[in-house]
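Participant: The following block contains the structure, expressed as structure tokens.
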Amino acid sequence: MENKTKNSITRRSALALGGAAALGAGTGLVSVGAQAQGKAIVNLQLGWLLSGNQLGEVAAKYMGYYDAEGIDMRFQAGGPNIDGVAIVAAGRFEVGQVSSSPSLMLAASQDIPIKCFAVGAQQHPYTFFSLKKNPVAKPADLVGKKVGIQATGVILLRALLAKNNIPESSVQIVTIGADMAPLLTGQVDVVTGWLTNTTALKVLGDQRVDLRLWDTGVRLYALPYYATARNIQTKTDTLARFVRATGKGWEYAYANPTQAVDFLIKEFPNLNRADEIEAADVMLKYAFNENTKTNGWGAMDPQVWKDQIDLYAQLGQFSKRVPSVDEVMTMEVLAATGTARPRIG
């Protein structure tokens, strides 16, 4: 669920690590335990401008779930010139959220001490869009096509092709922005974007054909939460309280989407209410699915992380070394929250 400004920024930076690799020794030494009026301060550093991706967090704030857990939760906006990974790794803020899981894999490969402890979207909504008159409904349909894609998304196309044994030379890459117009004007056969960006997708109408990256075998997570390895180890209880409250907020949004959007608009007045109501329906399907019904909101699978790492290693994306799964993610906070996380789907 993203407004136009957020979408543009997210896609440009979805897999970018920025300057985080330049961090030296001593990162991550500021703990989550800072206090404000008896509450633990948890600053949530976002990888984008304030947006509808925080539907559940805003609901948790307005419903008092963070207060009940003794958490003073504060949103910290990201943007094109803000390296959220570096900020969290340096200990300036306590928790971060990036758009796509590979950012955390790349960070770990550069010895940056952060780990994912929960995910906001169970499957990545990144999608290849085409039109019914020239449909791309399966990976093989990409052969011979012109794919309009942002520079930062090329690695995702390469991953799709590699996963499905399709030569990269069989696809023509055309670098474009976030606009869907090149597809409508016939400049390209395919464009890319997030299914949660319902506002941008309206222009494609009922002629749209979707090929989700997840369905092609490239299984990435979206909206993962992360913290320093030190804070995960020493402040597990505070992070667990943050997860419990956030999960309750998303549960409230699931049951009361219109009211949750009203909270969202109150918190972020720049958003459009009608657009966010429409987008909420899509976003909530990514926050909750069969996996969350069994394992609770925020759940993730170490095997999915391993598959991601292996694929990116195959594509030569780790310039320093290939990280292990344990360096990229931890199940510790999820285990500490157990059945307290909503199990709906």
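Each residue of the sequence shown is one higher than the one before, starting from 15 at the first, in my numbering. Where is the CB? At the ideal position from N, CA and C, for every residue including glycine. The model shown is predicted, which means the values in this text are computed figures rather than measured ones.
#1: Within 10 angstroms of its Cβ, does residue 341 collect 16 or more other Cβ (buried), or is it exposed?
#2: Note down, in chain order, each residue of its chain lying with its Cβ closer than 7 Å to the Cβ of residue 358, except the 5 sequence neighbours on either side.
#3: Kindly list the residues whose CB is nearer than 8 Å to the CB of residue 6, restricted to its own chain and excluding five residues on each side of it in sequence; keep chain order.
#4: Is the beta carbon of residue 221 less than 8 Å from the beta carbon of residue 145?
#5: From residue 88 to residue 247, what distance separates their C-alpha atoms?
#6: Run through the DSSP bridge pairs and tell me what residue 225 is partnered with.
#7: Rounding to the nearest angstrom, what Cα-Cα distance links residue 58 and residue 52 in this structure?
#8: Tell me which same chain residues have a C-beta within less than 7 Å of the C-beta of residue 151, skipping the five on either side of it?
#9: Comparing alpha-carbon positions, which option in 215, 213 and 126 lies nearest residue 343?
#10: So, for residue 64: in the same chain, excluding its five sequence neighbours on each side, which residues have a beta-carbon less than 7 Å away from its beta-carbon?
#11: Under 7 Å Cβ to Cβ from residue 304, same chain only, skipping five residues before and after it: list those, please.
#12: If you drop the 5 nearest sequence neighbours on each side, which residues of the same chain put their C-beta closer than 6 Å to that of residue 202?
#13: For the alpha helix (DSSP H) that contains residue 297, what are its first and last residues?
#14: What are the start and end residues of the alpha helix (DSSP H) that includes residue 266?
#15: Within a Cβ cutoff of 8 Å, which residues of the same chain sit near residue 178, ignoring the five residues on either side of it in sequence?
#16: Residues in its own chain within less than 8 Å of residue 76 by CB, not counting five upstream and five downstream?
#17: Out of curiosity, what's the CA-to-CA distance linking residue 345 and residue 148?
#18: For residue 239, which beta-bridge partners are listed by DSSP?
#19: Exposed or buried, which one is residue 356 when buried takes at least 16 other CB atoms within 10 Å?
Facilitator: On the basis of the coordinates in this document:
#1: Buried: at least 16 other Cβ atoms inside 10 Å.
#2: The residues 265, 268, 302, 306 and 307, in chain order, have a CB closer than 7 Å to that of residue 358 in the same chain once the five nearest residues on each side in sequence are set aside.
#3: Residue coverage of the chain in this structure runs from 15 to 359, which leaves residue 6 outside it and unanswerable.
#4: yes
#5: Roughly 22 Å between the two C-alpha positions.
#6: 142
#7: 19 Å
#8: 223 and 225
#9: 126
#10: 89, 91 and 282
#11: 359
#12: 160, 162, 188 and 196
#13: 287-301
#14: 250-269
#15: 153, 154, 230 and 231
#16: If we look at residue 76 and ignore the five residues flanking it on each side, its Cβ neighbours are 277, 280 and 281.
#17: 43 Å
#18: 111 and 132.
#19: buried
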